[in-house]
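S.K.:
In my numbering, the protein residues as written are 1007 to 1560.
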């Protein structure tokens, strides 16, 4: 639009646009021509510019990524953060996928990254499962029942909750208020006694705690491997709460925190427009905040990190606001710069795939259901009929996890979302399956070119003429480095996911309109093969940033 320039040119919009256009064409060799429509100046970039952009993308092995050096910024990303009283659920899936993808995107932006997990392996929650095993476990183990360790312990937790609610109801019927009943029920008192014994180092209690947690860890590891996520360092609350309690007591000694008459320790945050925050209970046991203070201190002692990123749901916004303030009060300046990667809740349509407990969506159940959907849809469409049984089964898993991951990661992390399993596995539309299928289609074209001994990786002539569809794909490819940078800046895997979908859409439109292997003009054929090769590489890189595999055949 040239209207802002009219006060300087003192000429009509058409005359002004033509003068600017002529000047640009004479001075910038990449601009081939221009046209003027209703005061708008449209510039036409010459074909050799786009050919050069394509060759840059295909020839640079690390295209779109920034190299990492020993001096690169060191970022720690915490994700997963499970409790050892239950298996991973749908919320954990979104957490793990976001955390892993964010770590990969930060690495692509040239940062050194430490992926870390804090396991909440102590506290009243695990004591409830321990008490349930003592009372109703009958000496069974995951091995004796053939169950997965995290599910086994989770079912014990549910068993405790069932009996606890029954006892509360009995007390309410005897005249107690609900709150009084919850506090005075014998089961919760016994669980608290177990926690006190554990913190006191009671041998029998600690041994049972260690055994049951090992059952859970083995179960978690199976799910993590299935999801394709990993960690460089795992911390355990049973270790970090001690460091946290020491910091809190130091804060009391230095007048930063205060102790009430019942012995509990609190932080007065009213000057920060917040409330008073409990840091140690009256019986001396720790709360989550105490553990997070200790974990933060241990992490910065272990790794001289430049930034700490917590991938935790938005229901914990207040918690991390307080954590940052408390660390700053304790003299840790890096506390001010911690970043809470706050994300929204994820749910399934009502009544879909409820877990065995009937209250949450179990991660293992969901993954298994996704594989069933992938198998069913692939067989109905005949997509994998040319593969061996082993290849097909491997592809079902790749398709299922690709659909699950992409559907979750394509959504802005800050938003709540509804995950629909059946919609996620669709060979058309904005799905991981559609992207995977396009990748496999391109690989099929390139294999056929190799079978025909076509040497298409030759230097293209700068004056190669391009169709509009070819230019559109190259434009999309040339955007990749900027998209990676923006995703790193905004902490948004969704930017990568939706960019990849738009690239795949462009390629499929090109594929429908242009012959590749049957193109008689050798220069055009080779350019289209190079275009296909480059597109496949960008797809693979994009999907890797999302933690998604792409199959060679579909």
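Think of the CB as a built atom: it goes at the ideal place given N, C-alpha and C, for glycine as much as any other residue.
Is it the case that the Cβ atoms of residue 1294 and residue 1126 are separated by a distance below 9 Å?
M.R.: Here the question's residue 1294 lines up with position 288 in the chain shown. Here the question's residue 1126 lines up with position 120 in the chain shown. Yes, the pair counts as a contact, with Cβ atoms nearer than the cut-off.
S.K.: Using only the alpha-carbon positions, how far apart do residue 1414 and residue 1442 sit?
M.R.: Along the chain shown, read from residue 1 onward, the residue named residue 1414 stands at position 408. Along the chain shown, read from residue 1 onward, the residue named residue 1442 stands at position 436. Rounded to the nearest angstrom, the two C-alpha atoms are 16 Å apart.
S.K.: Can you tell me whether residue 1337 is buried or exposed? The criterion is at least 16 other CB atoms within 10 Å of its CB, across all chains shown.
M.R.: On the chain shown, position 331 is the one that residue 1337 refers to. Burial call: exposed.
S.K.: Which of the three DSSP states, helix, strand or coil, is assigned to residue 1043?
M.R.: By 1-based counting over the chain shown, the position of residue 1043 is 37. The answer is strand: DSSP assigns residue 1043 an E or B state.
S.K.: Cβ atoms of residue 1412 and residue 1394: under 9 Å apart, would you say?
M.R.: In the chain shown, the residue the question calls residue 1394 occupies position 388. In the chain shown, the residue the question calls residue 1412 occupies position 406. Not a contact, by the Cβ cut-off of 9 Å.
S.K.: Mapping the DSSP letters down to three states, classify residue 1064 as helix, strand or coil.
M.R.: Residue mapping note: residue 1064 aligns to position 58 of the chain shown, counting from 1. Of the three classes helix, strand and coil, the one that applies to residue 1064 here is helix, per DSSP.
S.K.: When the Cα of residue 1433 is compared with those of 1328, 1462 and 1387, which residue comes out closest?
M.R.: On the chain shown, residue 1433 is found 427 positions in, with the first residue counted as 1. The shortest Cα separation from residue 1433 among 1328, 1462 and 1387 belongs to 1387.
S.K.: Beta-carbon within less than 7 Å of residue 1089's beta-carbon, same chain only, minus the 5 sequence neighbours each way: which residues are those?
M.R.: Position 83 of the chain shown, counted from the start, is the residue given in the question as residue 1089. Correct list, in chain order: 1126 and 1131.
S.K.: Near residue 1071, what residues of its chain come up, given a Cβ to Cβ distance below 6 Å and the 5 sequence neighbours on each side ignored?
M.R.: The sequence position of residue 1071 within the chain shown is 65, counting from 1. Only 1114 meet the Cβ criterion.
S.K.: Which ranges does the beta strand (DSSP E) cover as unbroken runs of at least 3 residues, wholly within the region 1332–1356, from first to last along the chain?
M.R.: Taking only runs of at least 3 residues, the beta strand (DSSP E) segments lying wholly in the region 1332–1356 are 1345–1349.
S.K.: Whole angstroms is fine: what's the gap from residue 1357's alpha carbon to residue 1367's?
M.R.: As a position in the chain shown, residue 1357 is number 351, starting the count at 1. As a position in the chain shown, residue 1367 is number 361, starting the count at 1. Only weak support exists for where residue 1357 lies, its pLDDT of 48 falling under 50; the value from the coordinates is given anyway. Going by the C-alpha atoms only, they are around 10 Å apart.
S.K.: Confirm, please, whether the CB-CB distance from residue 1332 to residue 1277 is below 9 Å.
M.R.: Here the question's residue 1277 lines up with position 271 in the chain shown. Here the question's residue 1332 lines up with position 326 in the chain shown. No; because the gap between Cβ atoms is not below 9 Å, this pair is not in contact.
S.K.: Please look up how many angstroms separate the CB atoms of residue 1538 and residue 1417, rounded, as I've assumed it's under 8 Å.
M.R.: As a position in the chain shown, residue 1538 is number 532, starting the count at 1. As a position in the chain shown, residue 1417 is number 411, starting the count at 1. About 29 Å; that fails the 8 Å criterion.
S.K.: Taking contact to mean 3 or more Cβ pairs, one atom from each stretch, closer than 8 Å, check whether the region 1260–1275 and the region 1214–1229 are in contact.
M.R.: No: fewer than three Cβ pairs fall under 8 Å.
S.K.: So what does DSSP say about residue 1315, is it helix, strand or coil?
M.R.: The residue you call residue 1315 lines up with position 309 of the chain shown. Three-state DSSP puts residue 1315 in a strand.
S.K.: Are the region 1300–1311 and the region 1238–1255 touching, with three or more C-beta to C-beta distances below 8 Å?
M.R.: With the cut-off at 8 Å, the region 1300–1311 and the region 1238–1255 touch.
S.K.: DSSP beta-bridge partners for residue 1273?
M.R.: As a position in the chain shown, residue 1273 is number 267, starting the count at 1. Paired residue(s): 1283.
S.K.: Can you tell which of 1503, 1541 and 1527 has its C-alpha closest to the C-alpha of residue 1517?
M.R.: Translated into positions along the chain shown, residue 1517 becomes position 511. It is 1541 whose Cα lies nearest to the Cα of residue 1517.
S.K.: Kindly give me the distance between the Cβ atoms of residue 1410 and residue 1430, rounded to whole angstroms, as I take these residues to be in contact under 8 Å.
M.R.: For the purposes of this step, residue 1410 is taken as residue 404 along the chain shown, with counting starting at 1. For the purposes of this step, residue 1430 is taken as residue 424 along the chain shown, with counting starting at 1. Right, their Cβ atoms sit about 6 Å apart.
S.K.: Could you name the residues that DSSP lists as bridge partners for residue 1292?
M.R.: One-based indexing of the chain shown puts residue 1292 at position 286. The partner list for residue 1292 (beta bridge, DSSP) reads 1286.
S.K.: Should residue 1551 go down as buried or exposed, given a rule of 16 or more other Cβ atoms within 10 Å for buried?
M.R.: By 1-based counting over the chain shown, the position of residue 1551 is 545. Classification of residue 1551: buried, given that the 10 Å Cβ count is 16 or more.
S.K.: Between which residues of its own chain and residue 1363 is the CB-CB distance below 6 Å, once the five residues before and five after are set aside?
M.R.: Here the question's residue 1363 lines up with position 357 in the chain shown. Because the pLDDT of residue 1363 is 43, which lies under 50, any placement of that residue in the model is unreliable, and the number read from its coordinates should be weighed accordingly. The answer, listed in chain order, is 1164.
S.K.: Should residue 1523 and residue 1455 be called a contact, given that it needs their Cβ atoms to be closer than 9 Å?
M.R.: What you label residue 1523 is simply residue 517 of the chain shown in a count that begins at 1. What you label residue 1455 is simply residue 449 of the chain shown in a count that begins at 1. Yes.
S.K.: Buried or exposed for residue 1513, please, with buried defined as at least 16 other CB atoms from any protein chain shown within 10 angstroms of its CB.
M.R.: Taking the chain shown and counting its residues from 1, the one referred to as residue 1513 is at position 507. That one is buried.
S.K.: The alpha helix (DSSP H) that contains residue 1123, what's its start and end?
M.R.: Translated into the one-based positions of the chain shown, residue 1123 becomes position 117. Taken as a continuous stretch (DSSP letters only), residue 1123 belongs to no alpha helix (DSSP H), being part of the beta strand (DSSP E) at 1118–1125.
S.K.: Is residue 1256 helix, strand or coil when you go by DSSP?
M.R.: Within the chain shown, numbered from 1, the residue matching residue 1256 stands at position 250. The answer is helix: DSSP assigns residue 1256 an H, G or I state.
S.K.: Tell me whether residue 1101 sits in a helix, a strand or coil according to DSSP, three-state version.
M.R.: Here residue 1101 is taken as the residue at index 95 of the chain shown, counted from 1. Looking at residue 1101 - three-state DSSP - the assignment turns out to be helix.
S.K.: Under 8 Å by Cβ, that's how I've got residue 1562 and residue 1549 pegged, so tell me the actual separation to the nearest angstrom.
M.R.: Residue 1562 cannot be examined here, being either before or after the span of the chain that is shown, 1007 to 1560.
S.K.: Would residue 1122 pass as a contact of residue 1238 if the rule is Cβ separation under 9 Å?
M.R.: Taking the first residue of the chain shown as position 1, residue 1122 is located at position 116. Taking the first residue of the chain shown as position 1, residue 1238 is located at position 232. Going by C-beta atoms, residue 1122 is nearer than 9 Å to residue 1238.
S.K.: Since residue 1082 is in the beta strand (DSSP E), which residue starts that stretch and which ends it?
M.R.: Here residue 1082 refers to the residue found at position 76 when the chain shown is read from its first residue. From DSSP, the beta strand (DSSP E) with residue 1082 extends over 1080–1084.
S.K.: For residue 1098, I'd like the list of residues in its chain whose CB is within less than 7 Å of its CB, leaving aside the five on either flank, ordered along the chain.
M.R.: As a working note, residue 1098 is residue 92 in the chain shown. Only 1086, 1088 and 1369 meet the Cβ criterion.
S.K.: Would DSSP call residue 1361 helix, strand or coil?
M.R.: As a position in the chain shown, residue 1361 is number 355, starting the count at 1. For residue 1361, the pLDDT reaches just 41, beneath the cut-off of 50, and the residue's location in the model is therefore unreliable, although a value from the coordinates is still provided. Residue 1361 falls in the coil class under three-state DSSP.
S.K.: Who does residue 1240 pair with in a DSSP beta bridge?
M.R.: In the chain shown, the residue the question calls residue 1240 occupies position 234. The partner list for residue 1240 (beta bridge, DSSP) reads 1123.
S.K.: DSSP three-state call for residue 1532: helix, strand or coil?
M.R.: Numbered from its first residue, the chain shown carries residue 1532 at position 526. DSSP places residue 1532 in helix when its eight states are reduced to three.
S.K.: Give the DSSP-derived three-state secondary structure of residue 959 in the structure shown.
M.R.: A query on residue 959 cannot be resolved here, the shown segment of the chain reaching from 1007 to 1560 and no further.
S.K.: Could you check if residue 1347 is buried or exposed, using at least 16 other CB atoms within 10 Å of its CB as the buried criterion?
M.R.: Residue numbering aside, residue 1347 sits at position 341 when the chain shown is read from its first letter. By the 10 Å Cβ count, residue 1347 comes out buried.
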